[in-house]
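There are 2 protein chains.
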Amino acid sequence: MTLATEVPKGYVAAATSAGIKKSGKLDLALIVSEVVAASAGVFTRNLVAAAPVLLTAPRVRAGRCQAILVNSGNANACTGPQGLEDARDSGRLVAQALGVAEELVAVSSTGVIGVPLPMSVMTNHVPLLAAGLRSDGFDQVAAAMMTTDAFPKVASRTVAIDGVSCRVLGVAKGAGMIHPDMATMLCFVLTDAALDQQLLEALLRDAVNRSFNRITVDRDTSTNDMVLILANGAAGAPPVTTGSAAAKEFAEALDSLLLELAKMIARDGEGATKLVRVDVEGAVDDEDALKVARSIATSQLVKTALFGEDANWGRIIAAAGYAGAKLEQSRVSIRFNEVDMVANGLGLGAEQEKLATAVMKQPEFTVTLSLGLGRGSAYYYTSDLGYEYVRINADYRS
Amino acid sequence: MTLATEVPKGYVAAATSAGIKKSGKLDLALIVSEVVAASAGVFTRNLVAAAPVLLTAPRVRAGRCQAILVNSGNANACTGPQGLEDARDSGRLVAQALGVAEELVAVSSTGVIGVPLPMSVMTNHVPLLAAGLRSDGFDQVAAAMMTTDAFPKVASRTVAIDGVSCRVLGVAKGAGMIHPDMATMLCFVLTDAALDQQLLEALLRDAVNRSFNRITVDRDTSTNDMVLILANGAAGAPPVTTGSAAAKEFAEALDSLLLELAKMIARDGEGATKLVRVDVEGAVDDEDALKVARSIATSQLVKTALFGEDANWGRIIAAAGYAGAKLEQSRVSIRFNEVDMVANGLGLGAEQEKLATAVMKQPEFTVTLSLGLGRGSAYYYTSDLGYEYVRINADYRS
């Protein structure tokens, strides 16, 4: 990857194979801002929140952060008071190694639930990580965050703020697509732009709603889900203020960055062979459109049909019909990319189906459903459900 | 099957291979009550309701029915005004052959969506079916209703009403378990007890809530789902009246009959190798318990772990955590049959896990989650998700 050139100023990182994963792959990483950064975060709403979420959420929400410690291979979830103590101790090791206040350290974990975090690993490796920090370490960080991911996920953007070029870098992990209900989604965003905590929080929340929340169902938040953003101002641009043109530009960059990472997660959807965008238009309002898009994108029967390259529009319209949105069957039309499949609720015949089947053989395409009722629209990304998903998840711990 | 002896008095049936299914298997059946029966029904809430649902729902709800025509291989869904006309014409053929009023005929279809019903088949075969009606034809009816079902589903009960023995027979189809969002679930219940339409409707609704609604998620109703009950009074028992001891006994028989059929559907869950009961107890109330049970039973990660015989309780507790119910992690306990796996939110170690894994090798077992908060309880039936599910649904139409 050549993305290292896009790393925002004032951030360094390191990763190592600490032995938490049996495979011996990279599994522990440290990200550090050279100065204290403004911070914001979005966390799992699962009531069974993992220890690192419980520890990190209040710290990050307090608005200041300087370091993020992340491990894969162990979620430190369902580990009770000991798990919380282990998360706190891990953070303290980082604070000591860097000489910063404990409250400025975020910790994050992903992996198997219910197994204590191996603390000797932390004691041994955190000081080594702190000693090995460098500005081109982020590709390795992304690798160290992977669990069932098939590839690391890094992306970046640049934004000019009052003529000063600022960078936004995101590293993410996630491959469980439809039901990431355990330890599946982490994302860390670093920028050298200057933003206060309140604005950062607002922009992050919006961007997450338009990206990661369009590939997952709310109810399927994992025990460990976490999206953090740090802004350290190291680029030297003036602070971005709420409502300014700079805020709008920064928001656009953040939106597109998180959507790119979200699409990477969807494309990596365990065993997925296709990335499919579901577009819904003509709904009564955007909320209704989102219900329909989500219903189609998460339907197991739709997803297996995508895997089978079967242009089975009956499953799509059925999923729309139970979405809880206003719908009149006789006004529905469906197309696969530019190929019309259904008009006025009726199939358009074998010829069109043949053309749609050809569209489905592509690794990426769009299914558009028009409801013909209003101006509401929404999108959702999904992947197909194949044998590999079953294999990966049936055998995950073995 | 020896169930023919349990057929309620005054009902006859016939089935045939009409050629709607390419395979040449049984695909068209007719059930007739010798006298007009009281009727009630529960129908899909999918806004994309199939033509037979649109035709049959108002007829059955009017409270009187004498015949049910059912076909498999074609759902007559998303077929527009022509589909509705075809459903009506099919019913008319039955009415003519039997010499009964058209409004007394229910029609029902299951199979592929979006393909016109082959009406020449109906014209040719309905009169033959009507000529071949017999009292032991119900096993064949069950076979003619099958699509991806691995086995036919028939069960019966007897109830003594004021000393008179009455019978209740149910025939069902369904194999898509978690997401029966197309043409997946039909059930016809016949009794020779006498009940008026209002009581029949109330008892049916309750029984469906405790059976078929415990194996499916509401939002996943298909375009064709339909449960009908006919009561023709042919046993000669006095009418069952609301609030009576007889009503209670009849309700119990109906509940247990539908639960038996629902469990058959879950066990048949496309490619399923296990039938798992999820019991939730100690919730704040029954509603919360049901949310948790449903969340666990429908989690794709839980279901793949069941297939992999992996006692991955982390996925179970995570699914409970996002159910939207009150939950305190430190009070949760989990057991597999009698084997304790989790207490106070913490795993009980490798020995218990080994015992739980042994439980999972059985074809049928119970996972119990105690929330430790109150007296609310609920159950749900689920099956595992394996390769066969993917194979069946990726290739369904080919």
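Top to bottom, those sequences are chains U and F. Following numbering that gives the first Met the number 0, the numbering of the first sequence begins with 0 at its first residue and continues without gaps. Following numbering that gives the first Met the number 0, the numbering of the second sequence begins with 0 at its first residue and continues without gaps. Glycine is no exception: its CB is placed at the ideal position from the N, C-alpha and C atoms.
Could you pull the start and end residues of the beta strand (DSSP E) that residue i belongs to?
i          : result
Glu-280(F) : 274 to 282
Glu-337(U) : It is not in any beta strand (DSSP E) - Glu-337(U) carries neither H nor E in the DSSP assignment.
Gly-375(F) : 375 to 382
Tyr-10(F)  : 10 to 15
Glu-363(F) : 363 to 369
Could you give the distance in angstroms between the alpha-carbon of residue i and the alpha-carbon of residue j?
i          : j          : result
Ala-66(U)  : Leu-27(U)  : 13 Å
Leu-224(F) : Leu-68(U)  : Before going on, a small fix: residue 224(F) reads as Asp here, not Leu. Going from the Cα of Asp-224(F) to the Cα of Leu-68(U) covers about 51 Å.
Leu-127(F) : Gln-95(F)  : 12 Å
Thr-1(U)   : Leu-46(U)  : Low confidence applies here, because Thr-1(U) scores a pLDDT of 41, under 50, leaving its location unreliable; read the following figure in that light. Those two C-alpha atoms are separated by around 39 Å.
Lys-325(F) : Ala-282(F) : 8 Å
Ser-16(F)  : Thr-146(F) : 13 Å
Gln-299(F) : Tyr-388(U) : 10 Å
Arg-374(F) : Ser-332(F) : 15 Å
Leu-305(U) : Leu-384(U) : 7 Å
Arg-276(F) : Ala-288(F) : 14 Å
Ala-342(F) : Phe-364(F) : 20 Å
Met-184(U) : Arg-44(U)  : 13 Å
Lys-302(U) : Ala-36(F)  : 42 Å
Cys-64(U)  : Val-207(U) : 20 Å
Glu-200(F) : Thr-272(U) : 47 Å
Phe-401(U) : Phe-150(F) : It is not possible to answer for residue 401(U), since the shown part of chain U is limited to 0 through 397.
Pro-362(U) : Asp-148(F) : 32 Å
Pro-80(F)  : Arg-60(U)  : 57 Å
Leu-345(F) : Gly-320(F) : 14 Å
Val-358(U) : Ala-310(U) : 9 Å
Ala-393(F) : Leu-372(U) : 32 Å
Gln-231(F) : Thr-222(F) : Rather than Gln, the amino acid found at residue 231(F) in this sequence is Asn. Cα to Cα, the separation comes out at about 28 Å.
Gly-98(F)  : Val-31(F)  : 12 Å
Glu-251(F) : Phe-187(U) : 56 Å
Arg-218(F) : Glu-101(U) : Residue placement at Arg-218(F) is poorly supported in this model, since its pLDDT is 42, which falls under 50; the coordinates still yield a value, given next. Distance between the alpha carbons of Arg-218(F) and Glu-101(U) is about 47 Å.
Arg-330(F) : Lys-353(F) : 23 Å
Gly-313(U) : Ala-322(U) : 14 Å
Thr-190(U) : Ser-108(U) : 22 Å
Ile-214(F) : Val-111(U) : 29 Å
Sort the options by Cα distance to residue i and report the nearest one.
i          : options                                        : result
Lys-152(F) : Ser-329(F), Ala-252(F), Ala-261(F), Glu-84(F)  : Ala-261(F)
Ala-292(U) : Lys-273(U), Thr-272(U), Ala-230(U), Ala-317(U) : Ala-317(U)
Lys-24(U)  : Ala-142(U), Gln-361(U), Leu-83(U), Val-366(U)  : Ala-142(U)
Ile-160(U) : Gly-173(U), Val-170(U), Asp-148(U), Leu-194(U) : Leu-194(U)
Cys-165(F) : Val-358(F), Lys-353(F), Glu-248(F), Thr-55(F)  : Glu-248(F)
Ser-71(F)  : Met-121(F), Val-93(F), Ser-38(F)               : Met-121(F)
Leu-132(F) : Ser-298(F), Thr-272(F), Glu-33(F)              : Glu-33(F)
Gln-197(U) : Ala-13(U), Ile-391(U), Ala-39(U)               : Ala-39(U)
Gly-307(U) : Ala-100(F), Gly-344(F), Ala-322(F), Arg-390(F) : Arg-390(F)
Ser-89(U)  : Val-104(U), Leu-368(U), Ser-382(U), Cys-77(U)  : Val-104(U)
Ala-14(U)  : Leu-202(U), Ser-119(U), Val-140(U), Val-111(U) : Val-140(U)
Pro-117(F) : Val-93(F), Val-158(F), Ala-74(F)               : Ala-74(F)
Ala-76(U)  : Pro-51(U), Arg-87(U), Val-93(U), Leu-92(U)     : Pro-51(U)
Thr-367(U) : Glu-327(U), Glu-286(U), Asp-285(U), Glu-280(U) : Glu-280(U)
Leu-29(F)  : Gly-18(F), Tyr-10(F), Leu-203(F)               : Tyr-10(F)
Buried or exposed: residue i, going by 16 or more other Cβ atoms within 10 Å of its Cβ?
i          : result
Phe-137(F) : buried
Thr-240(F) : exposed
Val-338(F) : buried
Val-6(U)   : buried
Ser-22(F)  : exposed
Gly-82(F)  : buried
Ala-349(F) : exposed
Gln-382(F) : Per the sequence shown, residue 382(F) should be read as Ser rather than Gln. Classification for Ser-382(F): buried.
Asp-135(U) : exposed
Pro-57(F)  : exposed
Ser-119(U) : exposed
Ala-157(F) : At residue 157(F) the sequence reads Thr, which differs from the Ala that was named. So Thr-157(F) ends up on the exposed side.
Gly-113(F) : buried
Where do the ends of the alpha helix (DSSP H) carrying residue i lie?
i          : result
Val-291(F) : 285 to 297
Ala-355(U) : 349 to 359
Ala-318(F) : 312 to 320
Glu-387(F) : 386 to 393
(request) Please list the segments of the alpha helix (DSSP H) lying wholly inside the stretch 25 to 65 of chain U, counting only runs of 4 or more residues, in order along the chain. (result) 50 to 60
(message) Quick check on the DSSP output: what are the complete beta strand (DSSP E) runs of length 3 or more inside the stretch 92 to 180 of chain U, in order along the chain?
(response) Complete beta strand (DSSP E) runs here, min 3: 104 to 111, 152 to 160, 163 to 172.
(message) My parser needs the alpha helix (DSSP H) runs of 4 or more residues fully inside the stretch 188 to 272 of chain U; what are they?
(response) 196 to 208, 244 to 267
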